[in-house]
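Visitor:
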Amino acid sequence: MQRRKMVRLEAPNIYVILDIPVIRGAGREPKFVMEQAANGGAKIFQLRYKGVDDGVLYEYAVRLAELARKLGVMFIVNDRIGVALAAGADGVHLGEDDLPISAARKIAGENFVIGASARSLEAAIKAEREGASYIGYGAIFPTGTKSDAVPGSIDTLLEIARKVRIPVYAIGGINAENVGKLVSYGIRRVCVGAGIIAAGDVYEATRTIWETINNEENLK
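Numbers 79 to 298, taken from my numbering, label the letters of the sequence shown in order.
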């Protein structure tokens with residue numbers, strides 16, 4: 079089971095952040111966004127809904143986990159490991175200030191995907207050592223989706239990718255217009271929020287990103 083899940087983390091890959099307030103603000107339903115983005119080539123989806131109680135988050139997670147299984151994509155819940163496990167998600171994503179990766183691994187077991195946000199090489203190495211399945215690093219570009227995002231750099235992202243053995247994803251302000259810059263550096267795992275979920279056309283935005291990260295001519 080773990081091997082099948084890890085295959086889905088391999089590059090090139092699009093990982094979509096389903097930020098519920100942003101989706102609602104765009105006048106859309108989360109299930110519609112997931113379906114359109116999956117059809118466009120996205121393989122991983124993370125439910126993010128800050129500030130709501132566990133019951134509300136659980137209801138969203140159960141419905142989206144079921145849809146993810148039908149679509150054959152991976153489904154992750156942000157922050158709350160209890161909700162992720164109860165809803166039948168594939169994994170949880172934890173920030174540097176959330177539950178320690180090592181503690182989450184003890185709770186969830188070896189077959190559960192645990193993603194980790196890292197703002198530095200040191201944090202990424204620590205997360206891998208504690209049992210993280212993948213790293214999310216950024217913000218690579220300015221982003222309005224996450225107000226507390228700390229600016230990152232492509233150089234640090236590349237250094238992290240060289241020093242750890244687990245997959246590393248670029249995150250922060252990525253969209254169809256700027257993803258080519260990342261691909262030119264060989265970066266082909268991208269986490270996208272508003273650049274897909276609030277785009278004029280969810281499918282087309284996802285498909286454009288997918289075509290860009292899969293085009294070998296874009297590599298240096």
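Cβ coordinates follow ideal geometry from the N, Cα and C atoms, glycine included.
(1) Where do the N-terminal and C-terminal ends of the alpha helix (DSSP H) with residue 52 fall, by residue?
(2) If we count the other Cβ atoms within 10 Å of its Cβ and call it buried at 16 or more, is residue 293 buried or exposed?
(3) Answer with buried or exposed for residue 97, where buried requires no fewer than 16 other C-beta atoms within 10 angstroms of its C-beta.
(4) With contact counted as at least three CB pairs below 8 Å, one residue from each stretch, are the segment 135-142 and the segment 162-172 in contact?
(5) By how many angstroms is the C-alpha of residue 237 removed from the C-alpha of residue 257?
(6) Does the structure place the segment 245-252 close enough to the segment 265-276 that three or more beta carbon pairs sit under 8 Å?
(7) Can you look up residue 125 in the DSSP assignment and give me helix, strand or coil?
(8) Whole angstroms is fine: what's the gap from residue 172's alpha carbon to residue 242's?
(9) Ordered along the chain, which non-local residues of its own chain (more than five positions away) have a Cβ less than 7 Å from that of residue 178?
(10) In this structure, how does DSSP classify residue 139 when only helix, strand and coil are distinguished?
(11) Using DSSP bridges, identify the partner residues of residue 74.
(12) Which residues does DSSP pair with residue 248 in a beta bridge?
(13) Measuring CA to CA, which of 286, 284, 275 is closest to residue 105?
(14) Residues in the same chain with beta-carbon distance under 6 Å from residue 127, minus the five sequence neighbours each way, listed in chain order, please.
(15) Would you kindly report the start and end of the unbroken beta strand (DSSP E) that includes residue 131?
Guide: On the basis of the coordinates in this document:
(1) Because residue 52 is not part of the residues shown, which for the chain are 79 to 298, the question remains open.
(2) exposed
(3) buried
(4) yes
(5) 19 Å
(6) yes
(7) strand
(8) 18 Å
(9) 208
(10) helix
(11) Here the chain comprises residues numbered 79 to 298, so residue 74 is not present and cannot be evaluated.
(12) 215, 268
(13) 275
(14) 98, 135
(15) Residue 131 -> no beta strand (DSSP E), and no H or E assigned at all.
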